[in-house]
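For reference, the structure is listed below as structure tokens.
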Amino acid sequence: MTLFRDNPMGLALDSVYERSLDELRRKGRRLLEVGMLADRRQSASRGVGVLFSMMRWAIHYGLHTDLTDIVIGVHPRHAQFYERCYGFEKFAPPTSYPLVRNNPVVPLRLRLREELAKDELPRGLADARDNPLPASAFSHRFGFEPEQLRGSLIEGFLKDRYGIDPGREAAPGRADCGLALSA
2 MTLFRDNPMG
12 LALDSVYERS
22 LDELRRKGRR
32 LLEVGMLADR
42 RQSASRGVGV
52 LFSMMRWAIH
62 YGLHTDLTDI
72 VIGVHPRHAQ
82 FYERCYGFEK
92 FAPPTSYPLV
102 RNNPVVPLRL
112 RLREELAKDE
122 LPRGLADARD
132 NPLPASAFSH
142 RFGFEPEQLR
152 GSLIEGFLKD
162 RYGIDPGREA
172 APGRADCGLA
182 LSA
């Protein structure tokens, strides 16, 4: 799992959902994209506990860094899991996604504070609420500004593997927040 804070270059999902994400930004929403959620094992049930743990970290990272929304792009057959377990909602129609071999993707959004304020929470979100992480838990994670990535191995990996160029010029209207990487 990788966490990408919105930044001057945008998010990976901007490659297919720029208009929808820009609309959220215009409304003052501060975004965190959770990526690389795919699990190649035949039995996905073995990884559910790990996913719940990693999503708990992503949720608390978002809360501690004052982000308002977590966005993810998932295969349509997995969307219902995130909707039921965390309260994610679709914010645009499915499309093909070049970063995952043109497989279909549906964009989902979790409104962090709004969802956590509800009396009844989906299982995964309730787990995150009931098992908080202190801000100090994130002090050893890596946080990079785009200029710090220029010429680095991370920049090469992001370009080669995901088509993300952390060194490109900022697009107009993008938040100036940097990139967070975590496992």
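The sequence shown begins at 2 in our numbering and counts up one residue at a time.
Quick reminder that beta carbons are idealized off the backbone N, C-alpha and C, glycines included.
Between the CA atoms of residue 18 and residue 121 - distance to the nearest angstrom | If you number the sequence shown from 1, residue 121 lands on position 120. If you number the sequence shown from 1, residue 18 lands on position 17. The alpha-carbon atoms of residue 121 and residue 18 are separated by roughly 30 Å.
Relative to the alpha-carbon of residue 32, which residue among 10, 53 and 106 has its alpha-carbon at the smallest distance?
-> Position 31 of the sequence shown, counted from the first residue, corresponds to residue 32. Per the C-alpha coordinates, the member of 10, 53 and 106 positioned closest to residue 32 is 10.
Work out the CA separation of residue 152 and residue 24 for me, nearest whole Å.
-> Numbered from 1 along the sequence shown, position 23 holds the residue referred to as residue 24. Numbered from 1 along the sequence shown, position 151 holds the residue referred to as residue 152. Straight-line spacing of the CA atoms in residue 24 and residue 152 works out to 32 Å.
Looking at the unbroken alpha helix (DSSP H) that takes in residue 20, where does it start and where does it end?
-> On the sequence shown, position 19 is the one that residue 20 refers to. Counting along the chain, residue 20 sits inside the alpha helix (DSSP H) bounded by residues 15-27.
Considering residue 109, what are the terminal residues of the alpha helix (DSSP H) in which it resides?
-> For the purposes of this step, residue 109 is identified with residue 108 of the sequence shown, where counting begins at 1. According to the DSSP assignment, residue 109 belongs to no alpha helix (DSSP H) but to the beta strand (DSSP E) extending over 104-112.
Can you give the Cα-Cα distance for residue 123 and residue 90, rounded to whole angstroms?
-> The residue labelled residue 123 in the question sits at position 122 within the sequence shown. The residue labelled residue 90 in the question sits at position 89 within the sequence shown. One alpha carbon belongs to residue 123, the other to residue 90, and they sit about 13 Å apart.
In terms of alpha-carbon separation, which member of 81, 67 and 69 lies closest to residue 106?
-> Stepping through the sequence shown from its first residue, residue 106 is reached at position 105. Of 81, 67 and 69, the residue nearest in Cα terms is 81.
Return the chain-ordered ranges of every alpha helix (DSSP H) run that is complete within the region 30-79 and spans a minimum of 4 residues.
-> Those alpha helix (DSSP H) runs which fall completely within the region 30-79 and span 4+ residues are 49-65.
Please report how far the alpha carbon of residue 156 lies from the alpha carbon of residue 60, in whole angstroms.
-> Along the sequence shown, one-based indexing puts residue 156 at 155. Along the sequence shown, one-based indexing puts residue 60 at 59. One Cα belongs to residue 156, the other to residue 60, and the distance between them is close to 25 Å.
Rounded C-beta distance between residue 74 and residue 4? I'm assuming under 8 Å.
-> Locating residue 74 in the sequence shown gives position 73, counting from the first residue. Locating residue 4 in the sequence shown gives position 3, counting from the first residue. Actually they are not in contact, since the Cβ atoms of residue 74 and residue 4 sit about 14 Å apart, beyond 8 Å.
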